[in-house]
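These notes are about the structure you will find just below.
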Amino acid sequence: MVASMPDPIDIELNGSACQWSLDENLSLLEALRQQGCLGARFGCGLGQCGACTVQLGGNAVQSCDTRLWQVRGKSVVTVEALHSQPPHPLVQAFEEEQAGQCGYCLTGMLMSAKALLEHNPDPTDLEIRQALDGNLCRCGSHLRIVRAIRRAADALRAR
């Protein structure tokens, strides 16, 4: 008996149309990493640490517990999209504020911050902290991360 190929999954990845022939029950994180998008990191695998955060349809989601069938026909944005030329203001602000130590959580933090700033271009510090609530950082960089997001918000509004 010959195994059949899964139905292709059409998505928009970082602005480009893609078609993946992968098992639709695979996690989005596994699929992204198989396709060479290595920015989203595997952390807890339970959607609780935020290391794997990406944007799905403009909202921050944990890609480790999002299945491919859930992203069919939708737009997915990964941290790789922020490293354009010139870099996205969030990347620049995180560098200027030295907002990371080990860096493991930063890709998820960046993606959560991007989603926040797209929905709220002038968030308060409390709103920034609430948006990052699903992202764990054990290095203690929280104050610098909040400052970096505030700096990026200012830069985006000045454009």
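FYI, the numbering for the sequence shown is 12 to 170, going by this note's numbering.
Ideal Cβ placement from N, Cα and C applies to all residues, glycine included.
On a predicted model such as this, the values are computed, not experimentally measured, just so you know.
Backbone CA spacing between residue i and residue j [nearest angstrom]
i: Gly177; j: Gly111; result: The question about residue 177 has no answer here: the residues shown for the chain are numbered 12 through 170.
i: Gly56; j: Gln73; result: 9 Å
i: Ser32; j: Asn25; result: 18 Å
i: Cys63; j: Asp136; result: 23 Å
i: Leu40; j: Arg52; result: 8 Å
i: Ala42; j: Gly119; result: 17 Å
Neighbourhood of residue i by C-beta distance below 7 Å, restricted to the same chain and skipping five residues each side
i: Leu67; result: Thr77, Val82, Lys85, Val87
i: Pro19; result: Gln30, Trp31, Ser32
Neighbourhood of residue i by C-beta distance below 8 Å, restricted to the same chain and skipping five residues each side
i: Glu101; result: Residue 101 is actually Leu in this sequence, not Glu. Counting only Cβ-Cβ distances below 8 Å, and skipping sequence neighbours, we find Leu93, Leu121, Ala124, Lys125, Leu128, Ala159, Ile160, Ala163.
Those residues which DSSP pairs with residue i across a bridge
i: Asp172; result: As displayed, the chain neither begins before 12 nor continues past 170, which places residue 172 out of reach and without an answer.
i: Val90; result: Its beta-bridge partners do not exist; DSSP assigns none.
Under the three-state DSSP convention, the category residue i falls into
i: Thr171; result: Limits of the chain in this structure are 12 at one end and 170 at the other, which puts residue 171 out of reach.
i: Ala110; result: coil
i: Leu37; result: coil
i: Gln66; result: strand
i: Gln96; result: coil
i: Gln73; result: strand
i: Arg78; result: strand
i: Phe53; result: coil
Residue from the options whose Cα sits closest to the Cα of residue i
i: Cys148; options: Phe53, Gly47, Cys116; result: Cys116
i: Ala71; options: Leu154, Ala166, Gly145; result: Gly145
i: Gly114; options: His130, Val90, Ala166; result: Val90
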